[in-house]
Amino acid sequence: MKVNQKLAWTVAALFALGVVVARGMAAEEFRVQGSKPTQLIRTDLTGAPNKQVVAFIYEVQPGTMVPRHFHHGDEFHLVLSGEWAAEVEEQATHIMKAGDSQYVKNDKVHGGKVVGDVPLRLLGLMIVDKDKPLVERAP
960 MKVNQKLAWT VAALFALGVV VARGMAAEEF RVQGSKPTQL IRTDLTGAPN
1010 KQVVAFIYEV QPGTMVPRHF HHGDEFHLVL SGEWAAEVEE QATHIMKAGD
1060 SQYVKNDKVH GGKVVGDVPL RLLGLMIVDK DKPLVERAP
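Each residue of the sequence shown is one higher than the one before, counting from 960 in the numbering used here.
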């Protein structure tokens, strides 16, 4: 009986590890070479049971292109340092510098490129659906 119980716990632990690794890989698939996202907070949104708030600092090296992607929710960006050629669906590309901000509406495709010689440091704040991926590449 103890052997079967140990086997059951081992299988359960491996399954749980597989779920964690699979979720991490999904997030890692989008990570861009030359970038470093640092999550600051991820918490439920009060009064909206299917929404969460996610805040992060995104550091990206000069010359790096961030692929076109979207989120299932709204996103706000504030450039802390560096320069960013921001691309948002249905808008002209525009250069954002330290202190500049932008709002990206739910499901709008966006991306861009770090321009200049200084790494980009960007504060991002999202209010997104909890039951959907945090980020998805644009088709």
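C-beta: ideal position from N, C-alpha, C; glycine also.
For Lys-1089, same chain residues with a beta-carbon under 6 angstroms away, outside a window of 5 residues either side, are Asn-1009 and Gln-1011 in chain order.
DSSP, reduced to helix, strand and coil, places Gln-998 within a strand of the structure shown. Note on geometry: alpha-carbon atoms of Leu-1004 and Ala-1014 lie some 12 angstroms from one another. Proximity to Tyr-1062 across Thr-1002, Pro-1026, Gln-992 and Glu-1034 peaks at Glu-1034, based on C-alpha coordinates. Following the DSSP letters along the chain, one finds Asp-1033 inside the beta strand (DSSP E) bounded by residues 1032 to 1040.
When only Cα atoms are considered, Arg-1001 and Val-1087 end up about 10 angstroms apart. Pairing Tyr-1017 with Leu-1084 gives a Cβ-Cβ distance that is not under 8 angstroms.
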